[in-house]
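Read through the structure below, which is laid out as C-alpha cells, and then see the notes.
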C-alpha cells in the first residue's frame, strides 16, 4: 500500500493531468475558431467608462487609443475622476474641451473602482458599456472584434486579450508571459462557457445586463470577477474575442505586484463566498467555475503545507545529521549517499512539467500570432516563469486567505 | 451546455487511461527492480548455505579457521554492498511493497550470518564482528539522522580496516523471531545501535577511532 504522501502526490498529479488534458482536448477541438469573431448584425452604440484615480501619466494615452478605434459608433467616453489628488481631473477637463465625445464626471473617492463605475452607468447612453482602466490601451480593432458577440441575446459581457505594456524589467517580462498564458487559457474556458472574469483593463458589457445585476459590487475587491459571476448567475453568457487586444500597465515593483495579487485573491474569496449557494447548480458557474476555484484554493493551500512540511523535515534531518556527523567526526555527505535512482513519481512529475511547458509554448505562440508588439519571450524566461514564478501563487494565496479571514484588506 | 459536457468526460477518460497506464508501468518497473534484487538475493543465499556447510566441515579438519573466516567476511562484505543497493531502491519504490519482502529476506540472511559468526568464534576464536542494528522505514527524523551517521562511520571503518572484521547490518523491526531472541540474549535495547564482538553495545554515534579501540 503506498504511503500517505505518495497518495497525495498521485491525487495532485491526477488533477493536474486532468486539466492539462481538458485544455488540450478543448484546444484541438476548437483551434480553427480561436481567432473567430462574428460580424455584428447591427451597429451597436458603445459608451466607454474610464474610472480614474491619480492617473495623470496615462489618461490621455488611454483616451487617444479609444478615439483611434476603428469602430465608428463609440458615442461617448465618460471619464470618472474618483477624487484624484494629482492632475488627472485637469487633464480630463482638457480632453473634454478638445473632444465632443468626452464627458467628465467627478465624485468623492469611496475607495473602490466599482463605486466609480456605478456612478457613471446611469449616464451612459450606449447599448454597450465598455469599461477601461485609465492605464490601459485598447488596440485599434479591439472594439470592432468584440461587438459581434453581442448578436446573441444571452451574451452579457465580452472580454479581450490583455497584454502587458511595460516589460522593461524582469517582473514585467514575467507578467507579460503570465498574461498571455491567462488569455490563452481564458479563450479555452470560453469554449467551455466557463469564462470566470471580464478583466478590468477592458471589457464590454450589455448595458441592460449591467443594470439588471445592479452594476458592480462596491464592497468587492475584484468587481470584475463579481460582475462576471453575477451575470452567469443570472443566466448570461460571457464570451472572449481572441482577435481583440488591449495592453495595460502591470505593477513594476514586487511590492505593488504583491498588493495587486492579494487584492485579486481576496476578491476571489469574497465572490466565492457570495455565490457559494450556486455550487453544483445548473450552469457552468455552479458545475465548473465554483468547483474549479475551490479545488484550486484547496490544492494550493494544502500543497503548500505539504511542501513546507517536506522542506522542514529535510532541514531538520540535515541539521541533526550534520550535528551527529560532527560529533562522530565523519563526512556530512558521502558520494554513495547521493541516490539518483528515479521513482515513478519523478517520471510523472517530469511528464507533467513537459506538458506544462508545451502549454505555455502554445499559449505564447497563439497570442503572439496576431499581436503587433514585436516581442518574443526568451527560453530562460519561460523556464523561470514555469518553475519559479508560478510557485509564488500558492504563497500569495495563503497570505490572502489569512488577510481575508482577518478582514484585513482594502482596495489599492 | 450539453455540447460542452462531452469534453469533460473525454478528458476524464483520457486522464484515467494515462494514469492507469502510468500506474501499471510504475508497478512493472518496481517489480522489475524487486526481481533483480531477488535474483541477487538467491545468489547470496546460496553463498550463505555454502558458508554454513563449510562451518560443519571444520570438525573433521577438511577446512581451516582462516578459510572459514575469509568466507564469512567475504560473504558479509557482499551482502553489505547489496544492502546499500537495496537501500537506494527502497527509497524510490513508491507504489508497491515488493522490495520490503526482499529486505526482510536479507535481514534473515544476515541474522543467519551473525549466528554463523558466533558459532565460528566459539570454534576458531579471534574474529572481530560489528553488528549494526537499525530501524527499517522509520519516520523518526532523529533516528533517521543517527542511522545515516552510523552508516557513514561504519563505512569509514570498513574502508580503513578492510577485511579485519565482519560488519553485519540488520534491521530489528522486521519481525524475525530468531533475531528477537538474539537481541534479548545480548540485552540490546533500542536501535540504532552497534554490538561489538557480542560484548560492547554503543547507542550513540562514535568516531571511527573510538569504535576501533574495541576491536582486537
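Chains as they are written, first to last, in our numbering: chain Z, 144 to 555; chain S, 3 to 218.
We put the CB at the ideal spot given by N, CA and C, even for glycine.
Given that residue i touches chain Z, what residues does it touch there, using C-beta distances under 9 Å?
| i | result |
| --- | --- |
| residue 165 of chain S | What residue 165 of chain S touches in chain Z: nothing, since even the nearest Cβ is about 19 Å away. |
| residue 119 of chain S | Ordered by position in chain Z, no residue passes the 9 Å Cβ test against residue 119 of chain S, which lies about 25 Å from the chain. |
| residue 135 of chain S | Under the 9 Å cutoff, chain Z gives no residues; its nearest Cβ is about 17 Å from residue 135 of chain S. |
| residue 217 of chain S | Within chain Z, no residue comes near residue 217 of chain S; the closest Cβ sits about 17 Å away, beyond 9 Å. |
| residue 9 of chain S | 165, 168, 169, 172, 334, 335 |
| residue 127 of chain S | The contacting residues do not exist; residue 127 of chain S stays about 30 Å from chain Z at best. |
Anything in chain S within Cβ reach of residue i, meaning under 7 Å, just list it in chain order.
| i | result |
| --- | --- |
| residue 471 of chain Z | 151, 155, 207, 208, 209 |
| residue 231 of chain Z | Within 7 Å Cβ-Cβ: nothing; residue 231 of chain Z doesn't reach chain S, min ~43 Å. |
| residue 460 of chain Z | 143, 146, 147 |
| residue 467 of chain Z | 147, 148, 151, 207 |
| residue 375 of chain Z | In chain order: nothing, as chain S lies at least about 12 Å away. |
| residue 491 of chain Z | 24 |
| residue 463 of chain Z | 143, 144, 147 |
If you follow the beta strand (DSSP E) that residue i is part of, which residue opens it and which one closes it?
| i | result |
| --- | --- |
| residue 389 of chain Z | 380-391 |
| residue 281 of chain Z | 279-281 |
| residue 167 of chain S | 167-173 |
| residue 290 of chain Z | Residue 290 of chain Z -> no beta strand (DSSP E), and no H or E assigned at all. |
| residue 377 of chain Z | Premise fails: residue 377 of chain Z is in no beta strand (DSSP E) and is neither H nor E. |
| residue 132 of chain S | 130-136 |
In the structure shown, what three-state DSSP assignment does residue i receive?
| i | result |
| --- | --- |
| residue 200 of chain S | coil |
| residue 270 of chain Z | coil |
| residue 300 of chain Z | strand |
| residue 520 of chain Z | coil |
| residue 207 of chain S | coil |
| residue 453 of chain Z | helix |
| residue 167 of chain Z | helix |
| residue 531 of chain Z | coil |
| residue 345 of chain Z | strand |
| residue 178 of chain S | coil |
| residue 246 of chain Z | strand |
| residue 195 of chain S | strand |
| residue 542 of chain Z | helix |
| residue 305 of chain Z | strand |
| residue 104 of chain S | helix |
| residue 547 of chain Z | helix |
| residue 340 of chain Z | coil |
| residue 4 of chain S | Reliability fails at residue 4 of chain S, whose pLDDT of 47 lies under 50, so the model's placement of it is uncertain and the value that follows must be treated cautiously. Note: residue 4 of chain S maps to helix in three-state DSSP. |
| residue 443 of chain Z | helix |
By the criterion of Cβ-Cβ separation under 8 Å, what are the contact partners of residue i in chain Z?
| i | result |
| --- | --- |
| residue 42 of chain S | In chain order: nothing, as chain Z lies at least about 15 Å away. |
| residue 31 of chain S | 487 |
| residue 20 of chain S | 160, 164 |
For residue i, report the span of its alpha helix (DSSP H) as first-last.
| i | result |
| --- | --- |
| residue 219 of chain Z | Residue 219 of chain Z -> not in any alpha helix (DSSP H); beta strand (DSSP E) instead, spanning 217-224. |
| residue 329 of chain Z | 313-334 |
| residue 494 of chain Z | 487-512 |
| residue 149 of chain S | 143-163 |
| residue 231 of chain Z | 231-241 |
| residue 351 of chain Z | 350-355 |
| residue 474 of chain Z | Here residue 474 of chain Z belongs to no alpha helix (DSSP H), and DSSP marks it neither H nor E. |
| residue 262 of chain Z | 256-263 |
What distance in whole Å lies between the Cβ atoms of residue j and residue i, which are believed to be in contact at a cut-off of 8 Å?
| i | j | result |
| --- | --- | --- |
| residue 387 of chain Z | residue 285 of chain Z | 5 Å |
| residue 410 of chain Z | residue 368 of chain Z | 6 Å |
| residue 366 of chain Z | residue 268 of chain Z | Not really, about 22 Å apart at Cβ, beyond 8 Å. |
| residue 193 of chain S | residue 174 of chain S | 5 Å |
| residue 592 of chain Z | residue 195 of chain Z | The question about residue 592 of chain Z has no answer, for chain Z in this structure spans 144 to 555. |
| residue 163 of chain Z | residue 491 of chain Z | Not confirmed; about 12 Å, so no contact. |
| residue 301 of chain Z | residue 289 of chain Z | 5 Å |
| residue 196 of chain S | residue 132 of chain S | 6 Å |
List, in order along the chain, the chain Z residues whose C-beta lies closer than 7 Å to that of residue i?
| i | result |
| --- | --- |
| residue 13 of chain S | 161, 164, 165, 168 |
| residue 17 of chain S | 157, 160, 161, 164 |
| residue 28 of chain S | 487 |
Using a C-beta to C-beta distance shorter than 8 Å, which residues of chain S count as neighbours of residue i?
| i | result |
| --- | --- |
| residue 477 of chain Z | 154, 157 |
| residue 437 of chain Z | Near residue 437 of chain Z there are no residues of chain S at all, since even the closest Cβ is about 16 Å away, more than 8 Å. |
| residue 456 of chain Z | 143 |
| residue 474 of chain Z | 154, 158 |
Which chain S residues sit within Cβ distance under 9 Å of residue i?
| i | result |
| --- | --- |
| residue 543 of chain Z | Here the premise fails: no neighbours, minimum Cβ distance about 28 Å. |
| residue 384 of chain Z | Those do not exist, as residue 384 of chain Z stays about 19 Å from chain S at its closest Cβ, beyond 9 Å. |
- Item | Length at least 4, wholly inside the stretch 386-438 of chain Z: the alpha helix (DSSP H) runs in chain order | DSSP runs (the alpha helix (DSSP H)) wholly in the stretch 386-438 of chain Z: 397-417.
- Within the stretch 177-220 of chain Z, note down every full alpha helix (DSSP H) run reaching 4 residues or more, in order along the chain. Counting only runs of 4 or more, we get 202-210.
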